[in-house]
């Protein structure tokens, strides 16, 4: 799968988990600012059928090799 497909797949999962129908856009590289909380997930791979983001494949929770400059923002719609 390409990076863009993986990103929109987990964006759909995040939006559904938050009670929305789907993701409408994804902005990479901390478009709205870098996060300050611990990074919990890395190398996330969703099929878009998962009910929650923690059902997607990823590195073990809390293990990562990324930085907040790679944070992703997601737009959700109903």
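Residue numbers (the UniProt record's numbering): 1 to 78.
Backbone N, C-alpha and C define an ideal beta-carbon position, used for all residues, glycine too.
Owing to the predicted nature of the structure, the values given are computational and were not obtained by experimental measurement.
With a threshold of 16 other CB atoms inside 10 Å of the CB of residue 32, please say whether the residue is buried or exposed. exposed
Cα-Cα separation, residue 64 to residue 78: 32 Å
Can you list, in chain order, the residues of its chain whose CB lies under 7 Å from that of residue 34, leaving out five sequence neighbours each side? Closer than 7 Å at the Cβ level, and outside the excluded window around residue 34, lie 68, 69 and 71.
Mind checking who residue 27 pairs with in its DSSP beta bridge? 73
So, at 7 Å on beta carbons, what are the nonlocal neighbours of residue 40 in its own chain, with the 5 sequence-adjacent residues on each side left out? Apart from sequence neighbours up to five positions away, the residues of its chain that approach residue 40 with a beta-carbon distance below 7 Å are 61 and 62, ordered along the chain.
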